[in-house]
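These notes concern the structure reproduced below.
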């Protein structure tokens, strides 16, 4: 009896501490597994949010670059027209040109007077330019008054440039010039019976000054810059001023007008403006199909919170409302963020201009969460439509993506972690029950050894708690506890692999963005080179030559330095082609080009293929320098010893015409190469294989 009780006590003494100890360890393991699952989910959430934010920033920067490039093209075309128009205004010497143009049928002003409506418009002609003269610019007999005739005559010389830029430039609505308030004639392309359109769309325009009717106060706003320069906004657009959006009178859609003001000779008063009516859809189309996620979207936003190119579904998400307002003769369209039904977006509209790029979150009226980003694209001058107020405004790119799309991958990872954790815990409990029964039987013999394995597992769990997933539990027991430790190691390996995949995804995404950016840069460099280099000879082409001639001419005018041009022609090249074939002709051109290029060693020397077998070189130097270089060029080609039986010399030779001068503002650059061509003609006339200086 005593023995039985003693055995029971020993058994209980072995079972109870081990049972308590095991239950404690099992509880710790389950607790730490729960913490591990939550910690891994938090890491996944943070990493994915960082990845999406980086992608959002990179994507928005790329899209903003496209829009900015389009706006730069608008500025460039408008500046070309502005420069020419201001030159006509400033130079009295160009006035006779306007009168002379009236003798050219293609360019002359042939007005038709509408007796019923009391306005005049140019007849439609091949040049596709219209001039619209309003009723108040006619006398009682229906004749255009003298001041207006003088203006239309003097400005006629801009027709050719207006036609060229209008027809061969970028897509646009109307490109036009409007005169000063005294004579606000519209000179525009493409041709249009604009007075008739205005009669239908804007009654009363023909009896009110054009500027005061359509854009009241904008001229006074420009002139205020003269009296108070501090009023002039300081940004990259210079004096170019944009209007609010409006429905175009010609029916081409939602437009914005880019105005570039003109000034009188003394720069004391406005003298009209060059203008470009641009369909805002051309900008909206660059961004409306760009998105992140399945249902995200992109849009343009002005700094006052007016959103552009909004679709109905987007308007609903952002809580916006379409409003239109007629001011003067222009109907303007608005989607105001400051009037959004969502409070968070109203607050964002007030601080959008404080950062170049920002990412925020909001909840729509249905309770759905979104991420929204804003990136500054360009700053510009905006006539607000409120009298003469012209203020600095900005255009932003907005990108919206549902937050649940961002978190979709996170949810999948969390589900996988939870599933694996549950499986691991079930497995641990199952093994623990078997292990408990086994340890009761051999508790005394294996107690110390088995607790050692448990301590090791406890240390590993603590390391995992500290987010160290590289720790492995040493296997010291060859039983169920050892198997448990092995299972635990496998679980940690799976978690570590999942975490590594997340890191790898982030790194791969970053490398992909970097690679695409690099490819784009390389493509741009190749395009730049192809646009300036002749495909056969690998020297500069005519386009590059014309551009560099203009730059060198202006530089030498400014510095008072001599400039020379050498026009080079391969002698009897047609006979060479007829005798040896065009393949040999191409080879000859390549060799001659290389010889010329190797002779022109100074960095400032420019060689270009001028056309066919002609080359042209620009050098900084006087006639003596040019003649010496010409002689070296002839010698370089002669040294090639390219066979040419039809030639007097039996080998390929060249003839050169040279013209040198110190250019001034009064000299005509277009005559520069022409006179060198005359000298080249003299070289051919007197026997070829020589250099002739124009005199």
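Numbering (full-length UniProt numbering), first residue to last: 1 to 695. The C-beta atom is built at its ideal place from N, Cα and C for all residues, glycine as well.
Cβ distance (whole Å) where residue i is taken to contact residue j below 8 Å
i: residue 398; j: residue 374; result: 6 Å
i: residue 141; j: residue 244; result: With 8 Å as the limit, residue 141 and residue 244 do not qualify as a contact, their Cβ atoms being about 39 Å apart.
i: residue 339; j: residue 321; result: 7 Å
i: residue 238; j: residue 389; result: Contact doesn't hold; Cβ gap of about 19 Å is too wide.
i: residue 608; j: residue 554; result: With a Cβ gap of about 18 Å, residue 608 and residue 554 do not count as contacting.
i: residue 242; j: residue 66; result: Not really, about 19 Å apart at Cβ, beyond 8 Å.
i: residue 82; j: residue 274; result: 4 Å
i: residue 211; j: residue 232; result: Wrong, their Cβ atoms sit about 19 Å apart, outside the cutoff.
i: residue 687; j: residue 656; result: Contact flag wrong, Cβ pair sits at about 13 Å.
i: residue 587; j: residue 625; result: Actually they do not touch by this definition, with Cβ atoms about 31 Å apart.
Rounded separation between residue i and residue j - CA only
i: residue 504; j: residue 471; result: 20 Å
i: residue 395; j: residue 379; result: 6 Å
i: residue 89; j: residue 157; result: 11 Å
i: residue 674; j: residue 97; result: 22 Å
i: residue 569; j: residue 531; result: 23 Å
i: residue 639; j: residue 632; result: 10 Å
i: residue 604; j: residue 572; result: 30 Å
i: residue 55; j: residue 336; result: 27 Å
i: residue 305; j: residue 236; result: 21 Å
i: residue 160; j: residue 189; result: 11 Å
i: residue 355; j: residue 224; result: 30 Å
i: residue 680; j: residue 611; result: 14 Å
i: residue 17; j: residue 419; result: 33 Å
i: residue 511; j: residue 20; result: 53 Å
i: residue 213; j: residue 291; result: 41 Å
i: residue 452; j: residue 34; result: 24 Å
i: residue 328; j: residue 383; result: In this prediction, residue 328 has a pLDDT of 49, which is less than 50 and means its spatial position is unreliable; what the coordinates show is noted afterwards. Distance between the alpha carbons of residue 328 and residue 383: 13 Å.
i: residue 283; j: residue 70; result: 7 Å
i: residue 361; j: residue 107; result: 59 Å
i: residue 433; j: residue 439; result: 10 Å
i: residue 683; j: residue 104; result: 37 Å
i: residue 621; j: residue 581; result: 38 Å
Buried/exposed call for residue i, threshold 16 Cβ in 10 Å
i: residue 277; result: buried
i: residue 184; result: buried
i: residue 229; result: exposed
i: residue 164; result: exposed
i: residue 689; result: buried
i: residue 302; result: buried
i: residue 170; result: exposed
i: residue 257; result: buried
i: residue 485; result: buried
i: residue 168; result: exposed
i: residue 692; result: buried
i: residue 266; result: exposed
i: residue 312; result: exposed
i: residue 85; result: buried
i: residue 663; result: buried
Residues that DSSP places opposite residue i in a beta bridge
i: residue 472; result: In the DSSP output, where bridge partners are listed per residue, residue 472 has none listed.
i: residue 314; result: Bridge partners of residue 314: none, in fact.
i: residue 176; result: 188 and 275
i: residue 608; result: 540 and 616
i: residue 138; result: 144
i: residue 397; result: 300 and 375
i: residue 692; result: 657
i: residue 729; result: Residue 729 cannot be examined here, being either before or after the span of the chain that is shown, 1 to 695.
i: residue 133; result: 120
i: residue 266; result: The partner list for residue 266 (beta bridge, DSSP) is empty, contrary to what the question assumes.
Boundaries of the beta strand (DSSP E) in which residue i is found, first to last residue
i: residue 215; result: From DSSP, residue 215 is part of no beta strand (DSSP E); its letter is neither H nor E.
i: residue 533; result: First-last for residue 533: undefined, no H or E at that position.
i: residue 659; result: 654-661
i: residue 477; result: Neither: residue 477 is in no beta strand (DSSP E) and is coded neither H nor E.
i: residue 742; result: There is no way to answer for residue 742, as the model of the chain reaches only from 1 to 695.
i: residue 168; result: That residue, residue 168, is in no beta strand (DSSP E); its alpha helix (DSSP H) goes 159-168.
i: residue 112; result: 111-114
Limits of the unbroken alpha helix (DSSP H) element including residue i
i: residue 677; result: 669-685
i: residue 586; result: 582-599
i: residue 284; result: 281-287
i: residue 96; result: 95-101
i: residue 569; result: Looking at the DSSP string, residue 569 is not in any alpha helix (DSSP H); the run it does join, the beta strand (DSSP E), is 563-570.
i: residue 359; result: Segment 357-363 is the beta strand (DSSP E) holding residue 359; no alpha helix (DSSP H) there.
i: residue 666; result: Segment: none, residue 666 is in no alpha helix (DSSP H) and carries neither H nor E.
i: residue 634; result: 623-640
i: residue 198; result: 194-201
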